[in-house]
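*Asks:* One line per chain: the protein sequences are A and B, in this order.
To get my numbering, take the position in the first sequence, counting from 1, and add 14.
To get my numbering, take the position in the second sequence, counting from 1, and add 3.
Think of the CB as a built atom: it goes at the ideal place given N, C-alpha and C, for glycine as much as any other residue.
Questions regarding the structure given below will be posed in turn.
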Amino acid sequence: MIVAEWKPMPELLERMRGVKKLLLVGCATCVAECAAGGEREVETLAPLLRMAAAKQGGALEVITKTLERQCEWEFVEELAKLTPAADAVLSLACGIGVQALAERFPQLPVYPGVNTTALSIREKPGLWTARCAACGDCVLGDTFGLCPVARCAKSLLNGPCGGTRKNGKCEVDENTECVWTLIFERARQRGQLEVLLKVRKPKNWSRSGHGGPGRIDREDLRV
Amino acid sequence: MSGRSKKFEPRIVALYCANALDPEADLAAAVKAAEGFAVRPVALPCSSKAELSHLMKLLAEGADAVQVIACPEGSCQFLVGSARAEKRVQRGRALLMQIGMGEERLGLARGRGLKVEELMALLERRAGLVRGLGKNPISGEEEK
Numbered sequence: 015m016i017v018a019e020w021k022p023m024p025e026l027l028e029r030m031r032g033v034k035k036l037l038l039v040g041c042a043t044c045v046a047e048c049a050a051g052g053e054r055e056v057e058t059l060a061p062l063l064r065m066a067a068a069k070q071g072g073a074l075e076v077i078t079k080t081l082e083r084q085c086e087w088e089f090v091e092e093l094a095k096l097t098p099a100a101d102a103v104l105s106l107a108c109g110i111g112v113q114a115l116a117e118r119f120p121q122l123p124v125y126p127g128v129n130t131t132a133l134s135i136r137e138k139p140g141l142w143t144a145r146c147a148a149c150g151d152c153v154l155g156d157t158f159g160l161c162p163v164a165r166c167a168k169s170l171l172n173g174p175c176g177g178t179r180k181n182g183k184c185e186v187d188e189n190t191e192c193v194w195t196l197i198f199e200r201a202r203q204r205g206q207l208e209v210l211l212k213v214r215k216p217k218n219w220s221r222s223g224h225g226g227p228g229r230i231d232r233e234d235l236r237v
Numbered sequence: 004m005s006g007r008s009k010k011f012e013p014r015i016v017a018l019y020c021a022n023a024l025d026p027e028a029d030l031a032a033a034v035k036a037a038e039g040f041a042v043r044p045v046a047l048p049c050s051s052k053a054e055l056s057h058l059m060k061l062l063a064e065g066a067d068a069v070q071v072i073a074c075p076e077g078s079c080q081f082l083v084g085s086a087r088a089e090k091r092v093q094r095g096r097a098l099l100m101q102i103g104m105g106e107e108r109l110g111l112a113r114g115r116g117l118k119v120e121e122l123m124a125l126l127e128r129r130a131g132l133v134r135g136l137g138k139n140p141i142s143g144e145e146e147k
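Given below as structure tokens:
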């Protein structure tokens, strides 16, 4: 899922300076799963913003709404009846949702309430770790189902580097597993260590962000 | 300034696990007799029923403080309910600190089968901590 986390409160409060009526919008999909932008988080942040405004001697009216998805126009349209009452929008969705609102309601300033961080899996409650970099040229079939693009700090296709710690952790972060150690262990479990002797060729990075904004055009889906 | 006047009597919402309080306790009488602060007691089947959004909303609706009373570690009938409540309170306190409201407006205490005097003593302590912070700024308008 796409994961995100709240922006620091001082940054949010600075954005809200001068705003009198705020439309705070959550998204009930990915950011709800990672406890950053679902209904619970919307209903937590709204009173906090109101209290912060009162603390600064002002008053902030907060209208709350959580959409099923902020990245689908059909759901975004539900906000049309609420936006006339607001002078700014704060979105707790990922960057896609924020841009969707800004595109649909160009007359209003739309601010992000979260920092979108990665495509991650929930390892355990409260811990999400990156699993996919949306690179557009998946190599998981060659790496025993473990992604070196997202999970290696250097995105090495022929790892490991020389920096793996003795306990199998990454030299960049002691809490992060060296994915190439994990790949090696899985290859050994399957009795296929020889597969790792093969040199993987340079990857086609033009299909990732390096090749410009991504685009999938499926004409067959349009009528 | 009025928030720190001698007349300031903090309004405290007490969210307590039903198991944390002595079932024989006459809470209504104790609440009525409280001096120097006002209490709104709310019984919960477990302290974990209080979400972070509930805690923040109570404060944003004008409570000067919210006191959660949970069962001691290891004796929660829902096993991890009181631990969840504690984590939520910790996060809530951090957020209140970040917006300058003061973390002491929210707190958690633990107890099981508490006598009503013990509960009121906990609330008295919370009231004392909040007096130093003054009245909840969001209730300023209605107090004028």
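For A:Cys48, which residues in the same chain have their Cβ closer than 7 Å to its Cβ, ignoring the five residues on either side in sequence?
*Replies:* Contacts found: Met15, Val17, Ala18, Trp142.
*Asks:* Short check: CB of A:Ala100 to CB of A:Lys35, under 9 Å?
*Replies:* Yes, the Cβ-Cβ distance between A:Ala100 and A:Lys35 is below 9 Å.
*Asks:* Among the candidates B:Leu99, B:Ala46, B:Ile15, B:Ala53, whose CA atom is the shortest distance from the CA of B:Ala86?
*Replies:* Taking only the C-alpha atoms, the option nearest B:Ala86 is B:Ala53.
*Asks:* 9 Å is my cut-off, CB to CB: does A:Arg54 come that close to chain B?
*Replies:* So yes, A:Arg54 belongs to the interface.
*Asks:* Hey, is B:Glu106's beta-carbon within less than 9 Å of any beta-carbon in chain A?
*Replies:* Answer no: the Cβ-Cβ gap between B:Glu106 and chain A never drops below 9 Å.
*Asks:* Just to confirm the assignment: which complete beta strand (DSSP E) runs, minimum length 3, are found wholly within the stretch 60–88 of chain B?
*Replies:* Entirely contained in the stretch 60–88 of chain B, the beta strand (DSSP E) runs reaching 3 residues are, in chain order, 68–73.
*Asks:* Compare the C-beta of A:Glu57 with all C-beta atoms of chain E and state if any pair is closer than 9 Å.
*Replies:* This model lacks chain E altogether, as its protein chains are A and B.
*Asks:* With H, G and I counted as helix, E and B as strand and the rest as coil, what does DSSP make of A:Ala50?
*Replies:* Coil.
*Asks:* Looking only at C-alpha atoms, which of B:Ser142, B:Leu47, B:Pro13 sits nearest to B:Leu24?
*Replies:* Comparing Cα positions, the closest option is B:Leu47.
*Asks:* Could you tell me whether the Cβ of B:Ser56 comes closer than 9 Å to any Cβ of chain A?
*Replies:* Judged by the 9 Å Cβ criterion, B:Ser56 is in contact with chain A.
*Asks:* Could you tell me the alpha carbon to alpha carbon distance between B:Ser5 and B:Lys138, rounded to whole angstroms?
*Replies:* Low local confidence applies: a pLDDT of 45 at B:Ser5 is under 50, so the model's placement there is unreliable, and no value is given.
*Asks:* Quick one: grab the DSSP three-state call for B:Gly6.
*Replies:* In this prediction, B:Gly6 scores a pLDDT of 46, lower than 50, which makes its location untrustworthy; the coordinate-derived value is nonetheless stated afterwards. Here B:Gly6 sits in helix by DSSP.
*Asks:* Alpha carbon to alpha carbon, what distance is there between A:Phe198 and A:Cys152?
*Replies:* Cα to Cα, A:Cys152 sits roughly 19 Å from A:Phe198.
*Asks:* Interface residues of chain B around A:Leu62 at Cβ under 7 Å?
*Replies:* The answer, in chain order, is Met59, Leu98, Ile102.
*Asks:* Given that A:Met23 touches chain B, what residues does it touch there, using C-beta distances under 7 Å?
*Replies:* Per Cβ cutoff of 7 Å: Leu98, Gln101, Ile102.
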